[in-house]
Amino acid sequence: MAGFKFSVGPWNVHEGADAFGPEVRSPIPLEEKLEKFSKIGFSAVQFHDDDAVPDINRLGDEEIKESAAQIKKMLEKYGMSAEFVAPRLWMDPHTIDGGFTSNSKEDREFALWRAYRTIDIANVLGCDKIVLWLAREGTLCFEAKDPVESANRLKEAINSMLDYDSNIKILIEPKPNEPIDRSFCPTMGHVMGIASATMDPSRVGGLLESAHAVLAGLDPAYEMAFALSFGKLWGVHLNDQNGLRYDQDKAFGSENLRQAFNQIKVLVENGYGKSGEYIGLDVKAMRTQKQEDCYRHLSNSIEVARMLEEKVKKFDYDFQKECIEERNYEKLEMYVMELLLKG
Ligand code: XUL
Ligand code: MN
Numbered sequence: 001m002a003g004f005k006f007s008v009g010p011w012n013v014h015e016g017a018d019a020f021g022p023e024v025r026s027p028i029p030l031e032e033k034l035e036k037f038s039k040i041g042f043s044a045v046q047f048h049d050d051d052a053v054p055d056i057n058r059l060g061d062e063e064i065k066e067s068a069a070q071i072k073k074m075l076e077k078y079g080m081s082a083e084f085v086a087p088r089l090w091m092d093p094h095t096i097d098g099g100f101t102s103n104s105k106e107d108r109e110f111a112l113w114r115a116y117r118t119i120d121i122a123n124v125l126g127c128d129k130i131v132l133w134l135a136r137e138g139t140l141c142f143e144a145k146d147p148v149e150s151a152n153r154l155k156e157a158i159n160s161m162l163d164y165d166s167n168i169k170i171l172i173e174p175k176p177n178e179p180i181d182r183s184f185c186p187t188m189g190h191v192m193g194i195a196s197a198t199m200d201p202s203r204v205g206g207l208l209e210s211a212h213a214v215l216a217g218l219d220p221a222y223e224m225a226f227a228l229s230f231g232k233l234w235g236v237h238l239n240d241q242n243g244l245r246y247d248q249d250k251a252f253g254s255e256n257l258r259q260a261f262n263q264i265k266v267l268v269e270n271g272y273g274k275s276g277e278y279i280g281l282d283v284k285a286m287r288t289q290k291q292e293d294c295y296r297h298l299s300n301s302i303e304v305a306r307m308l309e310e311k312v313k314k315f316d317y318d319f320q321k322e323c324i325e326e327r328n329y330e331k332l333e334m335y336v337m338e339l340l341l342k343g
């Protein structure tokens with residue numbers, strides 16, 4: 001059977017509110033989600049700091065660790081691990097103008113405080129990966145922030161985190177837009193550039209989300225491959241996206257099967273997972289989905305990833321070589337179509 005280990009975030013089972021309409025499903029307690037996740041086949045959970053410690057802003061540093069210890073026990077009960085913790089630097093009144101690149105010194109300090117607490121939580125949960133989705137580190141109005149200073153602020157914030165804890169690894173999850181108009185770190189190339197400029201490049205890498213790459217007009221498989229070539233693909237968020245729209249987080253493979261196949265192909269061919277990396281999903285159920293079947297997008301995505309892994313195993317590398325020698329890429333392309341379409 002499939003060799004990949006899968007992870008998921010509690011936010012992937014959500015209430016279905018969107019920018020134009022209210023919630024359509026009722027909230028599910030974290031423990032119930034964890035139990036269901038383990039039954040579906042997930043072995044790890046991705047957390048935001050306040051997924052693990054809901055009242056984080058109101059608690060002292062030690063209380064935050066005590067609260068995280070409860071989650072650790074809950075994970076153990078269901079035989080699950082924590083994959084990463086990510087500071088949620090986009091919901092708070094202090095992060096209206098961004099976190100690490102906010103124009104307000106006080107808000108930048110708040111962002112770092114949350115980043116340090118995120119590291120504390122990760123330590124309690126027993127994981128060394130900190131994910132930075134830099135949600136509002138960009139602008140709605142180009143002239144509102146100095147872009148050079150902003151890139152420097154990002155590097156400084158990452159250095160402060162690396163300095164705070166000598167074990168943690170930082171995975172930047174690039175996204176070109178939404179909720180901001182333009183991001184300071186939109187692609188995996190930017191992530192590699194920032195990583196190389198930090199005080200310890202060996203501890204800064206990337207997490208590639210398929211939909212974010214599509215939003216940047218790029219191929220997710222090539223974005224993954226680029227990070228792999230630096231030995232820095234430490235996480236993925238598989239999902240799908242219908243072109244340049246809002247961030248859709250559709251079930252993996254549901255829009256572009258060939259693109260999904262090539263993501264799995266790149267991961268399999270490069271031994272992704274051999275150092276303990278998870279196949280993370282970041283998928284959301286459609287707003288129309290009823291409460292009673294609100295985990296189906298997750299089991300569907302795992303199923304598609306596994307089926308595509310089987311297709312990758314069937315890939316005929318001798319035939320590929322023959323086509324390449326003949327420079328007959330039409331023949332190669334049809335072979336891929338047949339592989340995907342025939343049983
Ligand atoms: C947002 C997104 C986040 C990150 C974690 O687009 O993908 O859920 O994955 O903060
Ligand atoms: Mn994501």
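Residue numbers (our numbering): 1 to 343.
Glycine included, every Cβ here is placed at the ideal spot set by N, Cα and C.
- Relative to ligand 2, the nearest heavy atom lies less than 6 Å away from the CB of residue 209.
- Distance from the CA of residue 249 to the CA of residue 35, rounded to the nearest whole angstrom, comes to 23 Å.
- Looking at the backbone, the Cα of residue 285 and that of residue 298 are separated by about 8 Å.
- Shortest Cα-Cα distance from residue 91 to any of 67, 134, 128 involves 134.
- Spatial neighbours of residue 33 in its own chain (CB-CB distance under 6 Å, excluding positions within 5 residues in sequence) are listed in chain order as 10, 13.
- Collapsing the DSSP output to three states places residue 250 in a strand.
- 7 Å or more divides the Cβ of residue 279 from the Cβ of residue 312.
- Annotation for residue 101: 137, 145, 150, 153, 154, 184 place their beta carbon closer than 7 Å to its own, counting only its chain and skipping 5 residues before and after.
- Apart from the 5 residues on each side of it in sequence, residue 48 sits with its Cβ closer than 6 Å to the Cβ of 86, 88 in its chain, given in chain order.
- For residue 181, the CB contacts under 6 Å within the same chain, skipping 5 residues up- and downstream, are 140 in chain order.
- Nearest to residue 95 by C-alpha distance, out of 27, 82, 112, is 112.
- Residue 61 has its CB no nearer than 6 Å to any heavy atom of ligand 2.
- The three-state reading of DSSP puts residue 240 in strand, counting E and B together.
- In the assembly as shown, residue 148 is an exposed residue. Its beta-carbon has fewer than 16 other beta-carbons within 10 Å.
- Non-local beta-carbon contacts of residue 228 in its own chain, meaning distances under 6 Å to residues more than five positions away in sequence, involve 270 in chain order.
- Shown here for residue 254: same chain residues with a beta carbon closer than 6 Å to its own, the five before and five after excluded, namely 240 in chain order.
- Nearest in C-alpha terms to residue 342, of all of 39, 314, 66, 80, is 314.
- Residue side-chain check: residue 133 places its Cβ nearer than 6 Å to a non-hydrogen atom of ligand 1.
- By the neighbour-count definition (other C-beta atoms within 10 Å, threshold 16), residue 301 is a buried residue.
- Straight-line measurement puts the Cα of residue 27 at about 23 Å from the Cα of residue 84.
- Going by beta carbons, residue 162 and residue 205 fall outside the 7 Å limit.
- Residue 115 and residue 189 have their alpha carbons spaced roughly 23 Å apart.
- Where residue 81 is concerned, the enclosing beta strand (DSSP E) starts and stops at 81–86.
- Counting C-beta atoms within 10 angstroms of its own C-beta, residue 18 has fewer than 16 neighbours from the protein chains shown and is therefore classed as exposed.
- Taking a C-beta distance under 7 Å as the contact criterion, residue 176 and residue 186 qualify as a contact pair.
- Note that the C-beta distance between residue 52 and residue 7 is not below 7 Å.
- Residue side-chain check: residue 282 places its Cβ nearer than 6 Å to a non-hydrogen atom of ligand 1.
- Beta-carbon to beta-carbon, residue 168 and residue 121 are separated by about 11 Å, too far to satisfy the 8 Å threshold.
- Between residue 338 and residue 218, the alpha-carbon positions lie close to 25 Å from each other.
- Distance from the C-beta of residue 237 to the nearest heavy atom of ligand 2 is below 6 Å.
- The Cβ atoms of residue 208 and residue 236 lie closer than 7 Å to each other.
- Ligand 1 never approaches residue 181 closely enough for any of its heavy atoms to be under 6 Å from the residue's Cβ.
- With respect to the 7 Å criterion, residue 291 and residue 58 are not classified as neighbours on the basis of their beta carbons.
- The bridge partners DSSP lists for residue 75 come to none.
- Residue 98 sits buried, since 16 or more C-beta atoms from the chains shown fall within 10 Å of its C-beta.
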